[in-house]
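To keep things clear, I will list the structure first and then write my remarks on it.
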Amino acid sequence: ADIGSQKDRVVTEEEWLQKWEMGNIGFHKEQGHPLLRKYLDVLLSGRSGLRIFFPLCGKAVEMKWLADMGHSVVGVEVSEQALKEFFSEHSLPYCEEPVPEISGAKKLQSTSGNISLYCCSIYDLSSSIVGKFDGVWDRGALVAVNPCDRQRYVSLMITLMEKNSAYLLVTVSYDPNKHKGPPFYVPEPEIKSLFG
Ligand code: SAH
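Here the sequence shown is numbered in the working numbering, starting from 377 and rising by one per residue.
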């Protein structure tokens with residue numbers, strides 16, 4: 377397939393914010409993802425109390441699900457509206473604080489303390505700010521990243537992973553000539569070369 381048709385496409389942060397404002401969030405699912413259910417054991421390998429990262433988290437309901445299982449969840453999302461909707465839709469009280477290392481960023485944290493959501497670009501994060509993670513749930517994240525930023529995104533994700541961590545990645549298979557994305561088409565050989 378001619379994936380060249382997507383490689384120069386860019387969706388700006390402003391456009392993502394607009395999608396949230398307009399309610400154009402067809403990517404959001406009310407039900408937990410069946411593939412997370414199916415591969416949960418791969419993510420956890422029997423361990424409890426893990427730190428799980430949700431890149432480009434939106435208001436993914438799986439964050440609540442993993443937190444309820446006793447894990448601690450960290451997400452990052454440019455849309456503050458998305459994060460506030462997450463807490464309000466699950467009736468979770470939260471507090472807000474600035475992130476000293478990142479100008480303009482905020483951290484929204486559940487009062488119970490086990491869900492921390494950063495409102496900023498993922499490219500502003502580093503392991504010195506958020507620490508490292510035992511598991512990553514990447515659904516609608518790599519495939520939402522602009523094709524020109526993929527390498528940067530993956531390099532950053534690798535720096536955020538503990539030695540024995542598991543990374544679950546959901547991709548979408550389709551003819552990239554028929555849909556301009558996002559989600560973008562990320563061919564399997566590219567995934568292999570990105571993650572090495
Ligand atoms: N993972 C979520 C949302 C997928 S849609 C889910 O499963 O529902 C991609 C999300 O990434 C959007 O909510 C968009 O606002 C956010 N986003 C896009 N670029 C971003 C960036 N550079 N940093 C953080 N969030 C970003």
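Glycine residues also receive a C-beta, built at the ideal position from the N, C-alpha and C atoms.
For residue 508, which residues does DSSP report across the bridge? Reading the sequence shown from its first residue, position 132 is the one you call residue 508. Per DSSP, none; premise fails for residue 508.
Answer with buried or exposed for residue 363, where buried requires no fewer than 16 other C-beta atoms within 10 angstroms of its C-beta. Given a span of 377 to 572 for the chain in the structure shown, any question on residue 363 remains unanswerable.
Using only the alpha-carbon positions, how far apart do residue 491 and residue 410 sit? Position 115 of the sequence shown, counting from 1, holds the residue named residue 491. Position 34 of the sequence shown, counting from 1, holds the residue named residue 410. Here the alpha carbons of residue 410 and residue 491 stand approximately 22 Å from one another.
Enumerate in chain order the residues of its own chain whose CB-to-CB distance from residue 459 is below 6 Å, with the five nearest sequence positions on each side excluded. As a first step, residue 459 must be located in the sequence shown, where it is residue number 83. Within the same chain, Cβ atoms closer than 6 Å to the Cβ of residue 459 are found at 453, 484, 493 and 495, the five residues on either side in sequence being excluded.
Could you spell out where the beta strand (DSSP E) holding residue 501 opens and where it closes? Working through the sequence shown from its first residue, we reach residue 501 at position 125. Per DSSP, residue 501 belongs to no beta strand (DSSP E) and is neither H nor E.
With a threshold of 7 Å, establish whether the CB of residue 389 neighbours any heavy atom of the ligand SAH. Stepping through the sequence shown from its first residue, residue 389 is reached at position 13. Yes, the ligand SAH has a heavy atom inside 7 Å of this Cβ.
Say whether chain B places a C-beta atom closer than 8 Å to the C-beta of residue 496. Any reference to chain B falls outside this structure, which holds one protein chain only.
To the nearest angstrom, how far is it from the Cα of residue 404 to the Cα of residue 436? As a first step, residue 404 is located in the sequence shown; it is residue number 28 there, counting from the start. As a first step, residue 436 is located in the sequence shown; it is residue number 60 there, counting from the start. Rounded to the nearest angstrom, the two C-alpha atoms are 7 Å apart.
My output table needs one value for residue 494: the three-state DSSP class, helix, strand or coil. Position 118 of the sequence shown, counted from the start, is the residue given in the question as residue 494. The DSSP-derived three-state label of residue 494 is strand.
Taking the alpha carbon of residue 441 as the reference point, which residue from 564, 468 and 546 has its own alpha carbon closest? Taking the first residue of the sequence shown as position 1, residue 441 is located at position 65. The alpha carbon of residue 441 has as its nearest neighbour, out of 564, 468 and 546, the alpha carbon of 468.
Candidates 499, 538, 481 and 514, of which the one nearest residue 507 by Cα: Mapped onto the sequence shown, residue 507 falls at position 131. Answer by Cα proximity: 538.
Given residue 569 as reference, the closest of 531, 544, 553 and 548 once Cα atoms are compared: Within the sequence shown, numbered from 1, the residue matching residue 569 stands at position 193. It is 531.
Could you check how far apart the C-beta atoms of residue 560 and residue 512 are, in whole angstroms? I think they sit under 8 Å. Here residue 560 refers to the residue found at position 184 of the sequence shown. Here residue 512 refers to the residue found at position 136 of the sequence shown. Their Cβ separation, rounded to whole angstroms, is 18 Å, which puts residue 560 and residue 512 out of contact at 8 Å.
Within 10 angstroms of the Cβ of residue 451, are there 16 or more other Cβ atoms? Answer buried if so, exposed if not. Counting from 1 along the sequence shown, the entry for residue 451 is found at position 75. By the neighbour-count rule (16 or more Cβ atoms within 10 Å), residue 451 is buried.
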